[in-house]
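Structure first, commentary second.
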Ligand code: 6GU
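Right, dumping it as structure tokens:
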């Protein structure tokens, strides 16, 4: 996968040199190229922003600089890679999710356009939206100073899904938000040696070697944790995916699954 990132802070992306993503780059699974937006500014101050039309606080990123930057990056790979899918991180975007991460992991080429200040002049997204898929994505309901950290989050989420990036091929399969049987359930607690640490014991069932009991215990823990930490996820569980034991557990927690009862 090819991945281009345009930002006024290329230094933000040094974490992509290390760990899983760094290894994937060394192996050639990932081809990451970080570009300095200011390289496409023409004035002595390398200006990338200006005051917003209509007034208001902050600054808006200029369309001409972005246009030249994107044209150069996209034009440089068009012959070999076609056109990228463009991602614009913004708190006003659609929520980024595991489902979107999976979608992005299937793309041959992603281009991340990192805005700072109050954002990028909207005509940029309009212009490139006519030539390629453009998605404005948010990583959560809080405001960051710029899109750089959000891009790191998305690149890590996408990168670990690429074939051969994770050491253990099964690690991504039972992720809390992966599609499949445990969908909508958070993962429960995990333990390793020693069996007793500072007086805290590992739950007996995990030492029992009884795979059926371990699986049941893990599912109980997943259900309990989901109800406690993410009640909106727990409420969205399809009742048809619950067995008798699940229903008893949720009943004991006084938790009701499925669509809200509108009868009263
Ligand atoms: Cl993608 N960008 C910024 N600047 N803030 C955010 C965000 C993105 N997602 C949540 N907050």
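Numbering (the working numbering), first residue to last: 1 to 264.
Using N, Cα and C, we set each Cβ at its ideal position, and we do this for glycine too.
Keep in mind the model is a prediction, meaning the values are calculated, not measured.
Residue 212 sits in a helix when the DSSP states are folded into three classes.
Rounded to whole angstroms, the separation of the alpha carbons of residue 15 and residue 32 is 12 Å.
Taking 7 Å as the cut-off, the Cβ atoms of residue 112 and residue 139 do not count as close. Residue range 122–129 is occupied by the alpha helix (DSSP H) that includes residue 124. When only Cα atoms are considered, residue 126 and residue 40 end up about 20 Å apart.
Inclusion of residue 48 and residue 30 in the CB contact set at 7 Å is not warranted, their separation being larger than that value. Going by DSSP, residue 109 is part of the beta strand (DSSP E) stretching over 109–113. Counting every other CB atom within 10 Å of its CB across the protein chains shown gives residue 84 a total of 16 or more, marking it as buried. Residue environment for residue 224: buried (at least 16 other C-beta atoms within 10 angstroms of its C-beta). Going by beta carbons, residue 177 and residue 102 fall outside the 7 Å limit. Annotation for residue 69 indicates a beta carbon at 6 Å or more from all heavy atoms of the ligand 6GU.
When secondary structure is reduced to three states using DSSP, residue 3 falls in the strand class. According to the DSSP assignment, residue 182 belongs to no alpha helix (DSSP H), since it is labelled neither H nor E. The ligand 6GU approaches residue 144 closely enough that one of its heavy atoms is under 6 Å from the residue's Cβ. Here the alpha carbons of residue 67 and residue 244 stand approximately 58 Å from one another.
At the C-beta level, residue 195 and residue 202 come within 7 Å of one another. It is roughly 15 Å from the alpha-carbon of residue 27 to the alpha-carbon of residue 3.
DSSP places residue 256 outside both helix and strand once states are collapsed to three, so it counts as coil.
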